[in-house]
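Asker: Numbering (the numbering used here), first residue to last: 47 to 215. Using N, Cα and C, we set each Cβ at its ideal position, and we do this for glycine too. On a predicted model such as this, the values are computed, not experimentally measured, just so you know.
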Ligand SMILES: CC(C)(COP(=O)(O)OP(=O)(O)OC[C@H]1O[C@@H](n2cnc3c(N)ncnc32)[C@H](O)[C@@H]1OP(=O)(O)O)[C@@H](O)C(=O)NCCC(=O)NCCS
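1) Find out if the Cβ-Cβ distance for the pair residue 176, residue 170 is shorter than 8 Å.
2) Quick check: the stretch 143-157 against the stretch 88-103, are there 3 or more CB pairs under 8 Å?
3) Given the structure, does residue 178 come close to ligand 1, in the sense that its CB is under 7 Å from one of the ligand's heavy atoms?
4) Measuring only from the beta carbon, is residue 141 closer than 7 Å to any heavy atom that is part of ligand 1?
5) In the DSSP assignment, find the beta strand (DSSP E) that holds residue 71 and state where it starts and stops.
6) Starting from residue 114 and walking both ways along the beta strand (DSSP E), at which residues does that stretch end?
7) In whole angstroms, what is the alpha-carbon distance linking residue 163 and residue 133?
8) In three-state terms, what does DSSP make of residue 171?
9) Ordered along the chain, which non-local residues of its own chain (more than five positions away) have a Cβ less than 6 Å from that of residue 160?
10) Assign residue 81 to buried or exposed, taking buried as 16 or more other Cβ atoms, counted over all protein chains shown, within 10 Å of its Cβ.
11) Measuring only from the beta carbon, is residue 173 closer than 7 Å to any heavy atom that is part of ligand 1?
12) Measure the CB-CB distance between residue 183 and residue 211 and report whether it falls below 8 Å.
13) In the structure shown, what three-state DSSP assignment does residue 197 receive?
14) Please report how far the alpha carbon of residue 66 lies from the alpha carbon of residue 72, in whole angstroms.
15) Do the CB positions of residue 185 and residue 77 come within less than 8 Å of each other?
16) Compute the distance between the beta-carbons of residue 54 and residue 139, then report whether it is under 8 Å.
Here it is, written out as C-alpha cells:
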C-alpha cells in the first residue's frame, strides 16, 4: 500500500535520482522536457510515493502548459508526468496510486484538460487518456502520435490543431 505525500516534501536530489533510474540519463532530451521548458511543476498536483519502509518509491509531477491554436489563442492544460517508479518496485501499484492522486487533486470546478506523452495501454486502460483528439496537435520535438494522450470531460471543446508549449502567464 503506497503512502503518498506532497512531492515538495522530498529532497530535489532524490527526485532526480528516481527520474534517472526510471528514464535513464538521456531523459533531458525528451520532447516532454521541451513542452514544459521554463515552467515549474505544480506543487498541489505533484506527489511522492513511499514504500512500506518510508523510502521513496516513485514520483509524479504535473506542469502548466498551453496548446496554442492556429489563431494564436492559448488553451491552458495540465501536463501529467513524468510518472516514475524505481525499476525494482514497478508493478506493485505505485504508478496507479501516483496518477490517481494527481488526477484527483485537480480542482473539479476548473478541470483543465490533462495531456501527457505515454503508453496508451497504461494511461488509457486505467485513467481514460486517449490519442483520439490529439492527431492535429504539434510538439516542439519528435513524438509518436499514438503516445500523445489527452484526458478531458468534454473533448468537443478541444482545439483540433495547435502547438503545445509551456504556459507563461
Ligand atoms: C509506467 C510506470 C509509471 C507504471 O508504474 P507501476 O507502478 O510500475 O505500475 P502499476 O503497478 O501501477 O500498474 C501495473 C499494471 O500496469 C501495467 N503496465 C505497467 N507499465 C505499463 C506500460 N508501459 N504499458 C502497459 N501496461 C503497463 C502492468 O502490466 C500492470 O497490469 P495489471 O494490473 O493488469 O497486472 C512505471 O513502470 C515506470 O516508472 N516506468 C518507467 C518510466 C515510464 O515509462 N513512465 C511513464 C511515462 S511518463
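Answerer: Here's the rundown:
1) yes
2) yes
3) no
4) yes
5) Note, residue 71: premise wrong, no beta strand (DSSP E); not H, not E.
6) 102-114
7) 19 Å
8) helix
9) 124, 126, 197
10) buried
11) no
12) no
13) strand
14) 8 Å
15) yes
16) no
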